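Each residue of the sequence shown is one higher than the last, beginning at 2 in our numbering. Backbone N, C-alpha and C fix where the C-beta goes; we use that ideal spot for every residue, glycine too. Just so it is clear, the structure is predicted and the values come from calculations on it, not from any experiment. The structure appears below as structure tokens.
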Amino acid sequence: MYIYSSKKQKKTGLWINRKLNSKFGIDIELGAVIGYGLDIPHHMGIV
Numbered sequence: 002m003y004i005y006s007s008k009k010q011k012k013t014g015l016w017i018n019r020k021l022n023s024k025f026g027i028d029i030e031l032g033a034v035i036g037y038g039l040d041i042p043h044h045m046g047i048v
């Protein structure tokens, strides 16, 4: 179940999620609420 009302919004959300996952290696669910001061740390030394 998605919080978006149209297929275009759903597809856009999935596209953004794929881009975040490929670029930063993170997975943010479509229904996630992100508040003020979001910090995504970069882990050093992980291979």
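Boundaries (first-last residue) of the alpha helix (DSSP H) holding residue 17:
Indexing the sequence shown from 1 puts residue 17 at position 16. Per DSSP, residue 17 belongs to the alpha helix (DSSP H) from 8-25.
Given residue 37, which residues of its chain have a CB within under 7 Å of its CB, disregarding the five upstream and five downstream residues?
Reading the sequence shown from its first residue, position 36 is the one you call residue 37. Result list for residue 37: empty, nothing under 7 Å.
If you count every other CB in all the chains shown that lies within 10 Å of the CB of residue 48, and 16 or more means buried, which is it?
Here the question's residue 48 lines up with position 47 in the sequence shown. Per-residue confidence for residue 48 stands at a pLDDT of 49, beneath the threshold of 50, marking its modelled position as unreliable; the derived number appears in the next sentence. That one is exposed.
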